[in-house]
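See below for the structure under consideration.
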Amino acid sequence: MRPVELKRLSVERLNNTRDAEIDVLFFNRAAKVGSEAILELFNALENYNDDLVVERTGLQQSVFRQLNRTKQREAAEFIADLEEGTFYIEHINWLDFEDFDLPKPIYMGMVRDPIERVISWFYYVRGSYKNAIEYRKFPNKRIRPAAWYKKNFNDCVRSGDPECQYVPHTVKDAVPNFKRQSLFFCGHHDDCLPFNSPAAVQMAKEHVERDYAVVGSWEETNITLTVLEQYIPRFFRGAKLMFEMHNDRITNRNKNKRKPFIEPEVKQLLKANFTSEYEFYHFCKQRLYKQYLALHLHELEARGLLV
């Protein structure tokens, strides 16, 4: 970013928190972005700040990649009816509260490198944590063959296995997965469904720019926590302190220990199919950096880094 662009950064212009009409934090978490760690952080913040509460109903909801209008309204009405100071978390796509004549909450989200997400999902679904929960819920569910659990991601991609073919513009998936990170920010429109779609990514970017107070990333922990503290102060006051105090519990929450080495060639092979997803990911990261830099303009100027 050029110095002249840095000088134009403004915390006020970059902070959508002021546009919220209710003091409810809506975290519509994408899959495999470290949302369990955010939940653990907020559990600590709930104990630290007496005026905050975690609403856990969303943690029990089934996950759908698209909701019809009735279901969207029901979800939006539930969130809009929550008490002020409530943190709501759910695997659900962006909701348009204005479209339902409902007060707008504070939106937040998290993103992660698109290829790392799909690798993480591949091994997560084969992990003991997820399967223990799944079989507790559905004890009569058929157990998958041992070969499925032992499947290697490198071989899966190279062999053309349908599970590891991420084909641009496809709507139907050979195996259910969450490769569409942008879908969580695009919404429930049919145009959001085609994978790696420039149109879907453009809608997602518009929603982030207009509605989201912060879209962070655990890849930039200090920057994310700083921006959350400063841009959403009611909910994240003391976030960095709580992160340091509860670091082991936060960083190890739902962490998948089984993640073998992935060949760089395999990652590079996949990137060609994730071009628009990477565009969205980099857009969110750049916006996060801008929010962070806007907080430090005086410091940058004092060091002669602004002209």
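Each number in the numbering used here corresponds to the 1-based position in the sequence shown with 702 added.
Ideal Cβ placement from N, Cα and C applies to all residues, glycine included.
Values in this document were obtained by computation on a predicted structure and should not be read as measured data.
My assumption, with CB atoms under 8 Å, is that residue 790 sits in contact with residue 797. Please give the rounded CB distance.
Not really, about 11 Å apart at Cβ, beyond 8 Å.
Is residue 934 helix, strand or coil by DSSP?
Coil, per DSSP.
In the DSSP assignment, the beta strand (DSSP E) including residue 915 goes from what residue to what residue?
That run of the beta strand (DSSP E) goes 914-918.
Quick check on residue 926: buried or exposed, where buried means 16 or more other Cβ atoms within 10 Å of its Cβ?
By the neighbour-count rule (16 or more Cβ atoms within 10 Å), residue 926 is buried.
The beta strand (DSSP E) spanning residue 809 covers which residue range?
808-812 is the extent of the beta strand (DSSP E) around residue 809.
For residue 726, which beta-bridge partners are listed by DSSP?
DSSP lists 788 as partners of residue 726.
Among the residues of its own chain, which have a CB less than 6 Å from the CB of residue 824, if the five just before and after it don't count?
Only 855 meet the Cβ criterion.
Compute the distance between the beta-carbons of residue 1071 and residue 890, then report whether it is under 7 Å.
An answer regarding residue 1071 cannot be provided, because it is not within the stretch 703 to 1009 covered by the chain.
At the level of alpha carbons, what is the spacing between residue 849 and residue 954?
Answer to the nearest angstrom: the Cα atoms are 28 Å apart.
Do the CB positions of residue 893 and residue 809 come within less than 7 Å of each other?
Not a contact, by the Cβ cut-off of 7 Å.
Give the DSSP bridge partners of residue 757, in chain order.
Per DSSP, 790.
Would you report the Cα separation of residue 990 and residue 917, rounded to the nearest angstrom?
Residue 990 and residue 917: Cα-Cα distance of roughly 7 Å.
Alpha carbon to alpha carbon, how far is residue 932 from residue 728? Give it in angstroms, no decimals.
When rounded, the distance between both Cα atoms is 17 Å.
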